[in-house]
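All letters in the sequence shown, in the order written, are residues 1 to 271 by this note's numbering. Heads up, the beta-carbon is just placed ideally off N, CA and C, and yes, glycines get one too. Presented below is the structure to which this report refers.
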Amino acid sequence: MPSSLDQLWCTLVTANHILDCFSLVTGYGHISARNPLTNTTFFFDPVDPPSLITSSAGYLEWNISNVAYIVNGSVSLSPSSEIWIHQAIYKRYPSINSVVHSHSRAVLPFADTNIPLVPQFNLEAVLGQQVPVFDIADYYAPNESHSFLVNLPHLGAALADTFSTPENNATRRNNLPDYPVVLQRAHGLSAAATSIEHAVWAAWSAQDAANIASNSLTVLGAYQGSAARLTNFTEQELRDSMALGHSGEVKDWPWFVDQVRRKGGYSNDAC
1 MPSSLDQLWC
11 TLVTANHILD
21 CFSLVTGYGH
31 ISARNPLTNT
41 TFFFDPVDPP
51 SLITSSAGYL
61 EWNISNVAYI
71 VNGSVSLSPS
81 SEIWIHQAIY
91 KRYPSINSVV
101 HSHSRAVLPF
111 ADTNIPLVPQ
121 FNLEAVLGQQ
131 VPVFDIADYY
141 APNESHSFLV
151 NLPHLGAALA
161 DTFSTPENNA
171 TRRNNLPDYP
181 VVLQRAHGLS
191 AAATSIEHAV
201 WAAWSAQDAA
211 NIASNSLTVL
221 GAYQGSAARL
231 TNFTEQELRD
241 SMALGHSGEV
251 KDWPWFVDQV
261 RRKGGYSNDA
271 C
């Protein structure tokens, strides 16, 4: 995580354009970052489309404890509904420093059906044997809107818990989640990581894994029909491939940045 806010803003603005470049966000979707100087607040832009973010101007500083934002020393309530995604993950996992929320269309077939997203590419083994799915319908209280938005504290907390195994949720001793990505039924995905770069890479990897899996199922279906199933990694394959995947963002980040620049329209006043 950047040690100074100048470095954080430079990376965070670039991250917004990367997410847009790879269709992980549109006018909707967002990325936030924990404040490295306090660890008790985070930065989140509740309004601007990611492709239009060129500086830190739209980012507000939010308290993790109560989701109030700080302006010139005064505190106000959040105007953003999905702020609870970010707040709950930072609160549940003290070692998480960046959160991405994406409406990726590619992952929806796996979020909305009983077909699990099983990674088929070794560099994406960090996603786990299969990517967990958060079905918000399991957590609605009576009379709440069934809009699929994580717009209330208890819904954010339930999503955050989906990043961990039941065993770790029982003890709540893990500062890091067991999974970097969770799919959200009828909505998209959320990713959490120790750095902005890794959060972007995790979200991109989930989308790439979904595209590969969809193609694999199409090929398998042509030969096996309804019996088509994706092959899971063995425990050793998963373990050994994870060692490769954890460094994926180191090589992919410069490529991400280059792709954004080649696309044109990239402006970053924070660097």
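{"Check": "If we call anything under 8 Å between Cβ atoms a contact, is residue 10 one with residue 268?", "Outcome": "yes"}
{"Check": "Roughly how many whole angstroms lie between the Cα atoms of residue 87 and residue 52?", "Outcome": "23 Å"}
{"Check": "Does DSSP classify residue 179 as helix, strand or coil?", "Outcome": "coil"}
{"Check": "On a CA-only basis, which of 144, 156, 107 and 196 is nearest residue 8? Give me that one, please.", "Outcome": "196"}
{"Check": "With 16 as the cutoff for other CB atoms within 10 Å, does residue 67 come out buried or exposed?", "Outcome": "buried"}
{"Check": "Tell me the rounded alpha-carbon separation between residue 193 and residue 199.", "Outcome": "5 Å"}
{"Check": "Bridge partners for residue 290 per DSSP, in chain order?", "Outcome": "The structure shown does not extend to residue 290, since the chain spans only 1 to 271, so no value can be given for it."}
{"Check": "If you drop the 5 nearest sequence neighbours on each side, which residues of the same chain put their C-beta closer than 6 Å to that of residue 103?", "Outcome": "28, 29 and 188"}
{"Check": "The beta strand (DSSP E) that contains residue 188, what's its start and end?", "Outcome": "188 to 193"}
{"Check": "So what does DSSP say about residue 75, is it helix, strand or coil?", "Outcome": "With a pLDDT of 49 at residue 75, under the threshold of 50, the predicted position of this residue should be treated as unreliable, though the coordinate-derived value follows. Three-state DSSP puts residue 75 in a strand."}
{"Check": "In angstroms, rounded to a whole number, what distance separates the CA positions of residue 213 and residue 242?", "Outcome": "18 Å"}
{"Check": "Suppose you measure from the CA of residue 75 to the CA of residue 59; what does that come to, to the nearest Å?", "Outcome": "Because residue 75 sits at a pLDDT of 49, beneath the cut-off of 50, its placement in the model cannot be relied upon, and the point is left open."}
{"Check": "Using only the alpha-carbon positions, how far apart do residue 55 and residue 179 sit?", "Outcome": "30 Å"}
{"Check": "I need the DSSP call for residue 134, collapsed to helix, strand or coil.", "Outcome": "strand"}
{"Check": "Report yes if the C-beta distance between residue 221 and residue 228 is below 8 Å; otherwise report no.", "Outcome": "yes"}
{"Check": "Quick one: what does DSSP say residue 129 is sitting in, helix, strand or coil?", "Outcome": "coil"}
{"Check": "When burial is assigned at 16 or more other CB atoms within 10 Å of the CB, is residue 181 buried or exposed?", "Outcome": "buried"}
{"Check": "Report the rounded CA-to-CA distance for residue 265 versus residue 235, giving the unit in angstroms.", "Outcome": "44 Å"}
{"Check": "For the stretch 31 to 45 against the stretch 89 to 97, do three or more pairs of beta-carbon atoms, one drawn from each stretch, fall closer than 8 Å, so that the two count as touching?", "Outcome": "yes"}
{"Check": "With a Cβ-Cβ cutoff of 8 Å, do residue 185 and residue 111 count as a contact?", "Outcome": "yes"}
{"Check": "Taking the alpha-carbon positions, what's the residue 271 to residue 201 distance?", "Outcome": "21 Å"}
{"Check": "Just how far apart, CA to CA, sit residue 44 and residue 224?", "Outcome": "46 Å"}
{"Check": "Sorted by chain position, which residues of the same chain lie with C-beta nearer than 8 Å to residue 41's C-beta, five sequence neighbours on each side aside?", "Outcome": "34, 35, 61, 62, 63, 64 and 70"}
{"Check": "Measure the alpha-carbon distance for residue 135 versus residue 204 and round it to whole angstroms.", "Outcome": "21 Å"}
{"Check": "With respect to the alpha helix (DSSP H) encompassing residue 282, which residues constitute its N-terminal and C-terminal limits?", "Outcome": "Residue 282 cannot be examined here, being either before or after the span of the chain that is shown, 1 to 271."}
{"Check": "So, at 8 Å on beta carbons, what are the nonlocal neighbours of residue 13 in its own chain, with the 5 sequence-adjacent residues on each side left out?", "Outcome": "53, 54, 55, 56, 268, 269, 270 and 271"}
{"Check": "Could you tell me whether the stretch 111 to 125 touches the stretch 139 to 146, where touching means 3 or more Cβ pairs closer than 8 Å?", "Outcome": "no"}
{"Check": "Taking only three categories from DSSP, how would you classify residue 25?", "Outcome": "coil"}
{"Check": "Grab the span of the alpha helix (DSSP H) containing residue 103 for me, first residue to last.", "Outcome": "It is not in any alpha helix (DSSP H) - residue 103 carries neither H nor E in the DSSP assignment."}
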